[in-house]
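K.L.:
Just passing along the structure, written as structure tokens.
Protein chains: 2
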Amino acid sequence: MTETDDPLFDDPRLTAAGLLFEAHQGLVARLTPTWRAKGLSGLDVNALMRLSRSPGRRLRMSDLAAQTMLSTSGVTRLVDRLEKAGLVERQTAPGDRRGTFAELTEAGAEALRDVLPGYLEALDRWFTGVLTHKQLEGLLEGLRVVRDTVHPDAVIGIDDPS
Amino acid sequence: MTETDDPLFDDPRLTAAGLLFEAHQGLVARLTPTWRAKGLSGLDVNALMRLSRSPGRRLRMSDLAAQTMLSTSGVTRLVDRLEKAGLVERQTAPGDRRGTFAELTEAGAEALRDVLPGYLEALDRWFTGVLTHKQLEGLLEGLRVVRDTVHPDAVIGIDDPS
DNA sequence: TGCGGACTGTTGCTTGCGCAAATAATCGTA
DNA sequence: TACGATTATTTGCGCAAGCAACAGTCCGCA
């Protein structure tokens, strides 16, 4: 029942992209309470999870920026907050005093253990659990292809190399 | 080669969600230049597209808020900017002077026609075009299910109705 | 050894968002 | 008709993010 004056506005590619955006946004909206209840933001959780999965539970600031797709200044302030909360510690990189590592503290890992059960439950309820095994497989396959196409490792300054 | 101290941190549900988030963020990063080159933000384009597809090319502020998943105050300011740019016009709702419609102007439709070609091309290059027909179908099916689960029509104040 | 250029992270400034309070209009009921 | 409750939108305030400028460190080469 859409009323379009211009057929350009109704391209199936737009519909497909809209579906991706809406599913994403809606899921995030559903997940948000699980971490907000613990006093964290989505980016906090993202960063903590990235650190927890990295060797030595730490990452260089710039690598964390690349992984979270934040600007370096954004990461500086994110780590500022996490450090103030005691969830992360800065340490200067041995051998290169320009670099700084952000390392997950035990309190940080604990915060993660505190958030994850509710987070996983919500994922189950709103995402993985509402799909058949086959649907989930199909979804993940498509996402994997898109992610690999679109996610050029370091994604700080994207200047379309057209 | 991930090093996890806690198996909780490596749940397949987390991987699945991470895939969705990364595909989304990466795609957005790829698309951003297409609208930024025209002086618009992603939310601008989203709003303009919603309006263009609505009856009379207009929506009430609160409906626009629901569709864009912004807060109502966010929409107030979004429409402020679009109106100042001449892409949208406010008109008080006939019959209920509390309500306000945001209506797409001809300049707004023109801006959309200006952005869409590049936008569609980018979608093709980074999203729909990199998938086989079958992969795309599988992806869209999964997304549709998730979207319908997660997107309860009006999504302004989500209070988990557990 | 010393100097210029490149790289890493932080700071100043601006922009945009959400929450909560304020404002304006309508509805229901006596 | 009048008043309290409800609904729609706007404003005040605080926070978080990006960009651009800056400071500190390292590397290469004469």
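Protein chains in written order, with UniProt numbering: chain X, 1 to 162; chain Y, 1 to 162. For each residue, glycine too, the CB sits at the ideal point set by N, CA and C.
(1) List the residues of chain Y whose Cβ lies closer than 8 angstroms to the Cβ of X/H24, in chain order.
(2) Could you have a look at X/F101 and say whether DSSP puts it in helix, strand or coil?
(3) Would X/L8 pass as a contact of Y/L116 if the rule is Cβ separation under 8 angstroms?
(4) Taking only the alpha-carbon atoms, compute the straight-line gap between X/R13 and Y/W126 and give it to the nearest angstrom.
(5) Starting from Y/V88, trace the beta strand (DSSP E) in both directions and tell me its first and last residue.
(6) Per DSSP, X/R30 is paired with what?
(7) Taking three-plus beta-carbon pairs below 8 angstroms as touching, is the stretch 36 to 49 of chain Y in contact with the stretch 98 to 116 of chain Y?
(8) Terminal residues of the continuous alpha helix (DSSP H) containing Y/L140?
(9) Check whether the Cβ of X/Q135 lies closer than 8 angstroms to any Cβ atom in chain Y.
(10) Residues in its own chain within less than 7 angstroms of residue 173 of chain X by CB, not counting five upstream and five downstream?
(11) If we define contact as Cβ-Cβ less than 8 angstroms, is X/W126 a contact residue for chain Y?
(12) Can you have a look at residue 163 of chain Y and say buried or exposed, based on whether 16 or more other CB atoms are within 10 angstroms of its CB?
(13) Answer with buried or exposed for Y/D80, where buried requires no fewer than 16 other C-beta atoms within 10 angstroms of its C-beta.
(14) Output, in chain order, the set of chain X residues within a Cβ distance shorter than 8 angstroms of Y/D44.
(15) Verify the CB distance criterion: does residue 163 of chain X have a CB-CB separation below 8 angstroms to chain Y?
(16) Would you mind reading off the limits of the beta strand (DSSP E) that contains Y/R60?
(17) Among residues of its own chain, excluding the 5 on either side of Y/Y119, which ones have a beta-carbon nearer than 8 angstroms to its beta-carbon?
(18) Taking DSSP as the reference, what is the three-state secondary structure of Y/A85?
(19) Kindly indicate which residue of X/E103, X/M69, X/Q135, X/E110 has the alpha-carbon position closest to the one of Y/L27.
(20) Nearest-angstrom Cα distance between X/R97 and X/S54?
(21) Is the CB of Y/M61 under 8 angstroms away from at least one CB in chain X?
(22) Please classify X/T15 as buried or exposed, where buried requires at least 16 neighbouring CB atoms within 10 angstroms.
(23) What does the alpha-carbon distance come out to for the pair X/L82 and X/Q91?
(24) Helix, strand or coil: how does DSSP classify X/D114 here?
(25) Answer with buried or exposed for Y/M1, where buried requires no fewer than 16 other C-beta atoms within 10 angstroms of its C-beta.
(26) Please check the pair Y/G142 and X/Q135, which I expect to be a contact at CB under 8 angstroms, by giving their CB distance rounded to whole angstroms.
(27) Can you give me the C-alpha to C-alpha distance between Y/L51 and Y/V75, rounded to a whole angstrom?
(28) How is X/A37 classed by DSSP in three states: helix, strand or coil?
(29) Going by Cα to Cα distance, which pick from Y/L140, Y/G99, Y/A47, Y/D124 is closest to Y/A109?
(30) Measuring only the C-alpha atoms, how far is Y/R77 from X/R57?
(31) Going by DSSP in three states, Y/L19 sits in which element: helix, strand or coil?
(32) Can you find a C-beta in chain Y that's less than 8 angstroms from the C-beta of X/A17?
(33) Among residues of its own chain, excluding the 5 on either side of Y/A102, which ones have a beta-carbon nearer than 7 angstroms to its beta-carbon?
P.N.:
Once the coordinates are examined:
(1) L20, F21, H24
(2) strand
(3) yes
(4) 11 angstroms
(5) 88 to 92
(6) Per DSSP, none; premise fails for X/R30.
(7) yes
(8) 133 to 150
(9) yes
(10) The requested residue 173 of chain X is not part of the displayed model; chain X covers only 1 to 162.
(11) yes
(12) Absent from the model: residue 163 of chain Y. The displayed extent of chain Y is 1 to 162, so no value can be given.
(13) exposed
(14) Result: empty, since nearest Cβ-Cβ is about 14 angstroms, beyond 8 angstroms.
(15) Residue numbering for chain X in the displayed model covers 1 to 162; residue 163 of chain X lies beyond these limits and cannot be assessed.
(16) 58 to 60
(17) L31, T34, W35, V45
(18) coil
(19) X/M69
(20) 21 angstroms
(21) no
(22) exposed
(23) 14 angstroms
(24) helix
(25) Any reading at Y/M1 must be qualified, since the residue scores a pLDDT of 49, below 50, and its modelled position is unreliable; the value itself is stated next. Exposed.
(26) 5 angstroms
(27) 13 angstroms
(28) coil
(29) Y/A47
(30) 41 angstroms
(31) helix
(32) yes
(33) L51, R58, L59, M61, L64, V79, V88, R90
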